[in-house]
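There are 2 protein chains.
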Amino acid sequence: MKGAVLYGPGDVRFEELDDPKILKPTDAIIQIVAACVCGSDLWDYRGINPVTQPTPMGHEYCGIVEEVGSAVKSVKPGQFVIGSFFASDNTCAICHDGYQSSCVHREFVGGAQATRLRVPLADGTLVATPDLPPDDLIPSLLTLSDVMGTGWFAADAANVKPGKTVVVVGDGAVGLCAVIAAKQMGAERIIIMSRNPARQKLAREFGATDIVPDRGDEGVARIKDLTDGLGAHSVLECVGTQEAMMQAIRSARPGGYVSYVGVPHGVELDGQELFFAHVHLHGGPAPVRRFLPEMIDLVWNRKINPGKVFDLRLPLDQVAEGYRAMSERRAIKALLIP
Amino acid sequence: MKGAVLYGPGDVRFEELDDPKILKPTDAIIQIVAACVCGSDLWDYRGINPVTQPTPMGHEYCGIVEEVGSAVKSVKPGQFVIGSFFASDNTCAICHDGYQSSCVHREFVGGAQATRLRVPLADGTLVATPDLPPDDLIPSLLTLSDVMGTGWFAADAANVKPGKTVVVVGDGAVGLCAVIAAKQMGAERIIIMSRNPARQKLAREFGATDIVPDRGDEGVARIKDLTDGLGAHSVLECVGTQEAMMQAIRSARPGGYVSYVGVPHGVELDGQELFFAHVHLHGGPAPVRRFLPEMIDLVWNRKINPGKVFDLRLPLDQVAEGYRAMSERRAIKALLIP
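Following this line, the structure appears as structure tokens:
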């Protein structure tokens, strides 16, 4: 089979790889129908996370089951499935509490920017669609694997509720998907912090009611202006930098909720500021598996269309261009079709 | 009147002060029936928070209303009342959400280690007992003003629920009161981290089921041993140091809850560690006012006895000895009777 391999900063190659095989009775092999490039892939691509050896890339996937191990019961060859970037048993105490991305048996699923993929713990990781999907639903179904699932977690972790005011910090694909989630959860007002006209437009289409282009202290002051001086009920930090995190914490009202769903890079929180901010803080790797059934239902019934975050569609063999376009911010998110 | 004034590190004096007066129509003047020394007073007493001018001390109080301003409706002279260390209007949006200690009109109530005290925003701050209390209830009623209210918030903010496993980090008066709160909220297992035999004994009396004397990595390992390797559902950090905070975060399971209720001193949180810990984090100055009615009811009906945290009882004019005894850890908490 063929797949994307990162050799070093800026150096993604599409090359011949060994075919995946069933290694454990709980594995499944799927034929990738669509994959994509994640914002978090760019930390590696840009050399911010050092790459020490050639690394098969990609962790967002959907596809057709080709083969399953002898212990797999819930999915079967021929089904269209979506899974999370963390494989989970979905039976341990942590999974039971809805934190499948911290499952005691979790395994990272890497190498999804390829024609085929081995998924461990298939029963606890993969969810099948009701039927084979029509082509136009495939981009949206793919987003559920990570970007939409992560946006959903951002809204869930920030306790978004009907009638509340929500701020989304970050207009990347996760932030845009977080707008979709906040809208679904009934938020009355959804403020996105964005300076990019194309992303602002998509945010409005997804349900944003206000746009704040200011950042830092000015951005915070603008949010206070929009919320009777109090701050928002829920603030969703979808970037992972110190500036974004502090902007999020300072934009929330006392007793409010701040979520953070992008891996923090260089973020340090001052205990005393956090104490007097009086906010709830929750985040981490999104437990996508928890939300998959509900999200699949919403996409299947065309209630949400997160596939619109893909503004670049490429054949999988042009994966390197997908990385370049996203790294240069020419594209929000690149869809890759084998 | 007379009251305690801090002049500098280790220098508390009991001296003649101006009588408090009604300054605003929303004020009340109360005659202090009992006051005490707070763990947080020790930050000033030890010079860790610099004292720049002679400062009247004390923020935990209960007493008899002497006089009220013309706008005060809910309390009247002759009633026995308890209030929080932050005065609140109890009507703003933040109070409505239960965060009275971040009320938009909040004022810190200082100078309670005295014979009389002015309490601002009396209607939103003070809660009267059903009747004049018997003497033996006074210590417990006094704790509701801060230490028990703060322990209650620790348990509430860490989402303590029936059947869950709770860890309390810190065996000071707040930690011990947090044990009482966790027990009231139905925790099945309450583990306190303590090395002090007298405090361990009191913790057991309050409802602790397990004692862990180890600290740091060893303490965390011991908690994991006691929780099937997963960590606790709820961890209540009742100290305010970096060591205690990290011990708390690392003792919680993914998806678990960590609260912190002591003003953090020198605490810095690494964003990436917090992200992968996958915990909920919430804390800040305890919104005591939210819990006062329920806590008064529990004390009044002798369901809880937090007054036991006072292991030193002094006449108010010996307040300096109260500070010394607590600073030297000879006493858990000093009760002061005018």
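Top line first, the protein sequences correspond to chains Y and C.
Letter 312 of the first sequence, counting from 1, is numbered 1658 in this note's numbering, and no numbers are missing.
Letter 65 of the second sequence, counting from 1, is numbered 1411 in this note's numbering, and no numbers are missing.
All residues carry an ideal CB built from backbone N, CA and C; glycine is no exception.
Every value quoted in this text rests on a predicted model; they were computed, and no experiment measured them.
Could you name the residues of chain Y that I1569 of chain C contacts, counting a contact when the two beta carbons are closer than 8 angstroms? Looking up residue 1569 of chain C in the second sequence gives position 223. Within 8 angstroms Cβ-Cβ: nothing; I1569 of chain C doesn't reach chain Y, min ~15 angstroms.
**Asked** Within the 8 angstroms Cβ cut-off, does E1614 of chain Y reach chain C?
**Response** For the purposes of this step, residue 1614 of chain Y is identified with residue 268 of the first sequence, where counting begins at 1. E1614 of chain Y counts as touching chain C.
Q: Return the chain-ordered list of same chain residues with a C-beta closer than 7 angstroms to the C-beta of A1524 of chain Y, the five sequence neighbours on each side being excluded.
A: Residue numbering aside, residue 1524 of chain Y sits at position 178 when the first sequence is read from its first letter. Excluding positions up to five away in sequence, the list reads G1497, A1500, A1501, V1514, L1582, C1584.
>> Which residue marks the beginning of the beta strand (DSSP E) containing K1348 of chain Y, and which one marks its end?
In response: Against the first sequence, residue 1348 of chain Y aligns to sequence position 2. Taken as a continuous stretch (DSSP letters only), the beta strand (DSSP E) holding K1348 of chain Y covers 1348–1354.
Beta-carbon within less than 8 angstroms of E1362 of chain C's beta-carbon, same chain only, minus the 5 sequence neighbours each way: which residues are those? Within the second sequence, the letter at position 16 stands for residue 1362 of chain C. Correct list, in chain order: M1347, K1348.
Quick one: what does DSSP say Q1301 of chain Y is sitting in, helix, strand or coil? The displayed coordinates of chain Y run from 1347 to 1684. Any statement about residue 1301 of chain Y would go beyond what the structure contains.
When you compare each of Y:V1414, Y:N1647, Y:F1656, Y:T1401 to A1544 of chain Y by their alpha carbons, which one comes out closest? Walking along the first sequence from the start, residue 1544 of chain Y turns up at place 198. For the residues Y:V1414, Y:N1647, Y:F1656, Y:T1401, the minimum Cα distance to A1544 of chain Y belongs to Y:F1656.
Just checking: is the beta-carbon of Q1618 of chain Y within a distance shorter than 8 angstroms of some beta-carbon in chain C?
Mapped onto the first sequence, residue 1618 of chain Y falls at position 272. Yes - at least one Cβ of chain C is within 8 angstroms of the one on Q1618 of chain Y.
Q.
For S1580 of chain Y, list the residues DSSP reports as bridge partners.
A. For the purposes of this step, residue 1580 of chain Y is taken as residue 234 along the first sequence, with counting starting at 1. Answer by DSSP bridge pairing, in chain order: Y:V1512, Y:Y1603.
(Q) Report the CB separation of E1412 of chain Y from A1458 of chain Y in whole angstroms; it is logged as a contact under 8 angstroms. (A) Position 66 of the first sequence, counted from the start, is the residue given in the question as residue 1412 of chain Y. Position 112 of the first sequence, counted from the start, is the residue given in the question as residue 1458 of chain Y. E1412 of chain Y to A1458 of chain Y, Cβ: 14 angstroms. No contact.
Quiz prompt | Coil, strand or helix - P1639 of chain C by DSSP | solution = Here residue 1639 of chain C refers to the residue found at position 293 of the second sequence. Residue state, collapsed to three classes: helix.
Residues of chain Y with CB closer than 9 angstroms to the CB of S1580 of chain C, please, in chain order. Mapped onto the second sequence, residue 1580 of chain C falls at position 234. Residues of chain Y passing the Cβ test: none, with the nearest at roughly 12 angstroms.
- Can you find a C-beta in chain C that's less than 8 angstroms from the C-beta of S1448 of chain Y? As a working note, residue 1448 of chain Y is residue 102 in the first sequence. It does: the Cβ of S1448 of chain Y has a partner Cβ on chain C nearer than 8 angstroms.
- Item | P1355 of chain C at chain Y interface by Cβ criterion, 8 angstroms | Taking the second sequence and counting its residues from 1, one reaches residue 1355 of chain C at position 9. So, not an interface residue.
Q. Would you call L1369 of chain Y buried or exposed, if buried means 16 or more other Cβ atoms sit within 10 Å of its Cβ?
A. Looking up residue 1369 of chain Y in the first sequence gives position 23. Answer is exposed; the Cβ neighbour count stays below 16.
Just grab the DSSP bridge partners of C1382 of chain Y for me.
-> For the purposes of this step, residue 1382 of chain Y is identified with residue 36 of the first sequence, where counting begins at 1. C1382 of chain Y is bridged to Y:L1681.
Does the beta carbon of M1591 of chain Y sit closer than 8 angstroms to a beta carbon anywhere in chain C? Within the first sequence, the letter at position 245 stands for residue 1591 of chain Y. So yes, M1591 of chain Y belongs to the interface.
Q. Considering only residues of the same chain and omitting the five flanking positions on each side of L1660 of chain C, which have a CB-CB separation below 8 angstroms?
A. By one-based count along the second sequence, residue 1660 of chain C stands at place 314. Result list for L1660 of chain C: E1667, G1668, A1680, L1681, L1682, I1683, in chain order.
Could you tell me whether any Cβ in chain Y is nearer than 8 angstroms to the Cβ of I1595 of chain C?
Counting from 1 along the second sequence, the entry for residue 1595 of chain C is found at position 249. So no, I1595 of chain C is outside the interface.
Check your understanding: With 8 angstroms set as the bound, which would you pick, yes or no: does the beta-carbon of L1638 of chain C sit closer than that to a beta-carbon of chain Y?
Key -> Within the second sequence, numbered from 1, the residue matching residue 1638 of chain C stands at position 292. No - not a single Cβ of chain Y is within 8 angstroms of the one on L1638 of chain C.
Could you pull out every unbroken beta strand (DSSP E) segment of at least 3 residues lying fully inside the segment 1394–1424 of chain Y, listed in chain order?
-> 1407–1414
Could you round the C-beta distance between Q1546 of chain C and G1565 of chain C to whole angstroms and report it? I think they count as a contact, below 8 angstroms.
The residue labelled residue 1546 of chain C in the question sits at position 200 within the second sequence. The residue labelled residue 1565 of chain C in the question sits at position 219 within the second sequence. With 8 angstroms as the limit, Q1546 of chain C and G1565 of chain C do not qualify as a contact, their Cβ atoms being about 14 angstroms apart.
### Message
Counting C-beta neighbours from all protein chains within 10 Å, is the total for L1638 of chain C 16 or more, i.e. buried, or is it exposed?
### Response
Here residue 1638 of chain C refers to the residue found at position 292 when the second sequence is read from its first residue. Buried.
**Q.** Cβ neighbours of N1505 of chain Y in the same chain (closer than 8 angstroms, five flanking residues each side left out)
**A.** Residue mapping note: residue 1505 of chain Y aligns to position 159 of the first sequence, counting from 1. For N1505 of chain Y, where only same-chain residues beyond five positions count, the Cβ hits under 8 angstroms are H1579, S1580, Y1603, H1626.
- Item | C-beta neighbour in chain C for D1443 of chain Y, strict 8 angstroms | Here residue 1443 of chain Y corresponds to residue number 97 of the first sequence, with the count starting at 1. Taking Cβ atoms only, chain C reaches closer than 8 angstroms to D1443 of chain Y, which makes this a yes.
- In chain Y, which residues lie less than 9 angstroms from R1599 of chain C when you measure between Cβ atoms? The residue you call residue 1599 of chain C lines up with position 253 of the second sequence. The contacting residues are A1439, I1440, D1443, Y1445, S1448.
Next on the checklist: Out of C:G1424, C:D1364, C:V1351, C:G1393, which one is the CA nearest neighbour of M1403 of chain C?
Outcome noted: As a first step, residue 1403 of chain C is located in the second sequence; it is residue number 57 there, counting from the start. M1403 of chain C has its Cα closest to that of C:V1351, out of C:G1424, C:D1364, C:V1351, C:G1393.
Straight-line Cα distance separating S1434 of chain C from K1419 of chain C:
Residue mapping note: residue 1419 of chain C aligns to position 73 of the second sequence, counting from 1. Residue mapping note: residue 1434 of chain C aligns to position 88 of the second sequence, counting from 1. Distance between the alpha carbons of K1419 of chain C and S1434 of chain C: 15 angstroms.
Item to complete: Please list the partners that H1624 of chain Y has in chain C, where partner means a Cβ-to-Cβ separation under 9 angstroms.
Response: Position 278 of the first sequence, counted from the first residue, corresponds to residue 1624 of chain Y. The contacting residues are I1440, Y1445, S1447, S1448, H1628, G1629, G1630, P1631, P1633.
* Exposed or buried, Q1399 of chain C, counting other C-beta atoms within 10 Å across all chains shown (16 or more means buried)? -> If you number the second sequence from 1, residue 1399 of chain C lands on position 53. Burial call: exposed.
Using a Cβ-Cβ distance cut-off of 8 angstroms, determine whether L1388 of chain Y contacts chain C.
Indexing the first sequence from 1 puts residue 1388 of chain Y at position 42. Chain C contact via Cβ: absent.
Bridge partners - G1668 of chain C, DSSP secondary structure assignment: By one-based count along the second sequence, residue 1668 of chain C stands at place 322. Answer is none; G1668 of chain C lacks a bridge partner.
- Indicate the three-state DSSP secondary structure (helix, strand or coil) for E1361 of chain Y in the structure shown. Counting from one through the first sequence, the residue named residue 1361 of chain Y turns up at place 15. Reduced to three states, the DSSP call for E1361 of chain Y is strand.
Quiz item: Going by the beta-carbon positions, is the gap between V1609 of chain C and M1591 of chain C smaller than 8 angstroms?
Solution: Start at 1 with the first residue of the second sequence, and residue 1609 of chain C comes out as number 263. Start at 1 with the first residue of the second sequence, and residue 1591 of chain C comes out as number 245. No, the pair does not count as a contact, with Cβ atoms beyond the cut-off.
At 3 residues or longer, what runs of the beta strand (DSSP E) sit wholly inside the segment 1475–1533 of chain Y?
1511–1515
- Task: Give me the Cα-Cα distance between S1416 of chain Y and G1516 of chain C, rounded to the nearest whole angstrom.
- Result: Looking up residue 1416 of chain Y in the first sequence gives position 70. Looking up residue 1516 of chain C in the second sequence gives position 170. In a straight line, the C-alpha of S1416 of chain Y is about 50 angstroms away from that of G1516 of chain C.
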